[in-house]
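A.B. asks: Each number in the working numbering corresponds to the 1-based position in the sequence shown with 88 added.
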Amino acid sequence: GMARLQVGDDGPGIDPEDLPHVFNRFFRGRGPRVGGSGVGLAVVDELVRAHGGHVTANTQPEGGAVFTVWLRQIASKPRAAFTKPSHRVPTVAVTEENRIDQGERP
Numbered sequence: 089g090m091a092r093l094q095v096g097d098d099g100p101g102i103d104p105e106d107l108p109h110v111f112n113r114f115f116r117g118r119g120p121r122v123g124g125s126g127v128g129l130a131v132v133d134e135l136v137r138a139h140g141g142h143v144t145a146n147t148q149p150e151g152g153a154v155f156t157v158w159l160r161q162i163a164s165k166p167r168a169a170f171t172k173p174s175h176r177v178p179t180v181a182v183t184e185e186n187r188i189d190q191g192e193r194p
């Protein structure tokens, strides 16, 4: 299955003519309030693709941009809280009498 993450804002949105290009490296929109270097969304796209997903951009009818990231869900195995070492580990123990006892613990 796929996991979905949506991020939106309440700004002016993305010009429909710009939507197909927002993930292109160094692309900057044509609006008067456009800033940035045009690298951020390209990096997001590359990272998401590297993890087997995809990202989309849209403008909400009431204004604001919405970015949706789709990533493959990976089934995880439960991890043990403690794994006993398969070999003996040398240890040094400091006792209350301030002397050092050396030994091995399994």
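Using N, Cα and C, we set each Cβ at its ideal position, and we do this for glycine too.
All figures in this text were calculated on a predicted structure; none of them were measured in a lab.
Does the beta-carbon of residue 133 have 16 or more other beta-carbons within 10 angstroms, so that it is buried, or is it exposed?
C.D. replies: Burial call: buried.
A.B. asks: Near residue 99, what residues of its chain come up, given a Cβ to Cβ distance below 6 Å and the 5 sequence neighbours on each side ignored?
C.D. replies: Contacts found: 152.
A.B. asks: Residue 139 to residue 160, Cα distance in whole Å?
C.D. replies: Cα to Cα, the separation comes out at about 8 Å.
A.B. asks: Secondary structure at residue 136, three-state DSSP: helix, strand or coil?
C.D. replies: Residue state, collapsed to three classes: helix.
A.B. asks: Within its chain, find whatever has a CB closer than 6 Å to the CB of residue 158; leave out the 5 residues flanking it on each side and keep chain order.
C.D. replies: Only 90, 92, 141, 142 meet the Cβ criterion.
A.B. asks: Helix, strand or coil: which one does DSSP assign to residue 127?
C.D. replies: Looking at residue 127 - three-state DSSP - the assignment turns out to be coil, as it is neither helix nor strand.
A.B. asks: List the endpoints of the continuous beta strand (DSSP E) containing residue 143.
C.D. replies: 142 to 147 is the extent of the beta strand (DSSP E) around residue 143.
A.B. asks: Going by CA-CA distance only, name the one from 162, 110, 137, 147 that's closest to residue 128.
C.D. replies: Nearest C-alpha to residue 128: 110.
A.B. asks: Spatial neighbours of residue 97 within its chain, please: CB distance less than 6 Å, with the 5 preceding and 5 following residues excluded, ordered by chain position.
C.D. replies: Taken in chain order, the residues that qualify are 152, 153.
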